[in-house]
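Counted from 1, the sequence shown has number 828 at position 199 by our numbering; the numbering is strictly sequential.
Right, one structure below, let's go through it.
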Amino acid sequence: MFRLSALPVLRDNLVWLLEGPQGRLVVDPGDAGPVLAALGDPARPTAILVTHHHADHVDGVPGIVERTGARVHAPADPRLRFAYEAVGDGQCFEAAGFRIDVIAVPGHTRSHVAFHVEGHLFCGDTLFSLGCGRLFEGTPAEMQASLARLAALPGDTRVCCGHEYTLANGDFAHAVEAENPAREAWLAEARRRLAEGRPSLPSTLAIERAANPFLRLDAPGVQAGLAARGLAHAGIEGFAALRAWKDAF
Numbered sequence: 630m631f632r633l634s635a636l637p638v639l640r641d642n643l644v645w646l647l648e649g650p651q652g653r654l655v656v657d658p659g660d661a662g663p664v665l666a667a668l669g670d671p672a673r674p675t676a677i678l679v680t681h682h683h684a685d686h687v688d689g690v691p692g693i694v695e696r697t698g699a700r701v702h703a704p705a706d707p708r709l710r711f712a713y714e715a716v717g718d719g720q721c722f723e724a725a726g727f728r729i730d731v732i733a734v735p736g737h738t739r740s741h742v743a744f745h746v747e748g749h750l751f752c753g754d755t756l757f758s759l760g761c762g763r764l765f766e767g768t769p770a771e772m773q774a775s776l777a778r779l780a781a782l783p784g785d786t787r788v789c790c791g792h793e794y795t796l797a798n799g800d801f802a803h804a805v806e807a808e809n810p811a812r813e814a815w816l817a818e819a820r821r822r823l824a825e826g827r828p829s830l831p832s833t834l835a836i837e838r839a840a841n842p843f844l845r846l847d848a849p850g851v852q853a854g855l856a857a858r859g860l861a862h863a864g865i866e867g868f869a870a871l872r873a874w875k876d877a878f
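Shown next as structure tokens:
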């Protein structure tokens with residue numbers, strides 16, 4: 630019923646394209662060219678979803694709007710320099726035939742949102758496979774709470790994040806927690822997809838809950854890895870220590 634595509638752009642960004650019977654969604658287009666080539670028919674109903682204001686997620690928006698007339702939905706943020714319809718936490722709206730739920734996920738940026746669409750989670754730079762985003766504007770407490778909100782969605786939700794970071798995040802996850810069979814099984818699948826010329830993503834929330842250290846702070850292996858480095862290993866302090874470790878990894 631739905632066709633999902635991940636379009637590699639720039640250095641390691643992924644632009645997501647979700648196509649359904651009534652239209653299509655484009656998520657976080659950092660570059661218009663590959664998106665326009667993939668869209669084909671410019672007259673088909675199109676909407677653009679923006680998770681946050683960073684240039685590598687929005688620079689393609691004007692070109693796509695000019696070609697397709699797409700309506701843009703984004704969090705309210707004065708740093709966005711194009712016309713859009715502001716969306717906020719808890720809002721549910723329809724665009725291009727899709728039902729879209731908005732989840733506020735501050736941490737990477739203050740105004741970051743995620744979109745839950747027909748079993749797909751477009752989470753920008755908040756949740757990555759086996760990782761999470763850097764805290765450019767938010768606090769560890771905000772990011773931990775945002776990740777918890779996303780992790781509470783159904784396990785079969787497809788995780789469509791904004792960058793191809795899976796293998797690099799896997800190296801860090803192994804440093805934190807040496808033994809995790811679920812992680813190793815997922816990394817084997819990710820390597821297979823990449824070897825075939827495809828992105829490793831999407832993941833699922835079930836995979837991330839079993840393998841992502843940022844969602845598993847209470848797991849004995851993750852706590853042991855933090856404790857072995859003399860780091861806090863519980864609560865917000867533990868999360869902050871884990872994120873700081875990743876920043877320097």
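Here a beta-carbon is modelled for each residue, glycine too, at the ideal position from N, C-alpha and C.
For this session: Measure the alpha-carbon distance for Arg-827 versus Thr-755 and round it to whole angstroms.
Result: Their backbone Cα atoms lie some 22 Å apart in a straight line.
Problem set entry | For Leu-643 and Leu-636, believed in contact at Cβ under 8 Å, the rounded distance | About 7 Å separates the beta carbons of Leu-636 and Leu-643, which is inside the 8 Å limit, making them a contact pair.
For this session: Use the C-beta contact count for Ala-666: other C-beta atoms within 10 angstroms, 16 or more gives buried, fewer gives exposed.
Result: It is exposed - the Cβ of Ala-666 has fewer than 16 other Cβ atoms within 10 Å.
Exercise. With distances taken between CB atoms, is the gap from Val-731 to Thr-680 smaller than 8 Å?
Worked result: At a Cβ-Cβ threshold of 8 Å, Val-731 and Thr-680 do not count as neighbours.
Problem set entry | Limits of the beta strand (DSSP E) - the one that Val-716 falls within | Note, Val-716: beta strand (DSSP E), 714-716.
Problem set entry | the region 809-829 touching the region 778-792, judged by at least three CB pairs closer than 8 Å | Verdict: no, contact absent.
For this session: Tell me the start and end of each unbroken alpha helix (DSSP H) in the region 786-846 that is at least 4 residues and wholly inside, in chain order.
Result: Taken in chain order, the unbroken stretches of alpha helix (DSSP H) that lie wholly in the region 786-846 and span 4 residues or more are 795-805, 810-824, 834-840.
Problem set entry | Residues near Ile-865 in its chain [Cβ-Cβ closer than 8 Å; skip 5 each side] | Setting aside the 5 residues that flank it on each side, Ile-865 is surrounded in the same chain by Pro-769, Ala-770, Gln-773, each with a C-beta closer than 8 Å to its C-beta; the list follows chain order.
For this session: Can you say whether Ala-819 is buried or exposed, counting buried as having 16 or more other CB atoms within 10 angstroms of its CB?
Result: Buried is the label assigned to Ala-819, since at least 16 other Cβ atoms lie within 10 Å of its Cβ.
Exercise. Can you tell me whether DSSP reads Val-661 as helix, strand or coil?
Worked result: Note on residue identity: the sequence assigns Ala, not Val, to residue 661. It is helical.
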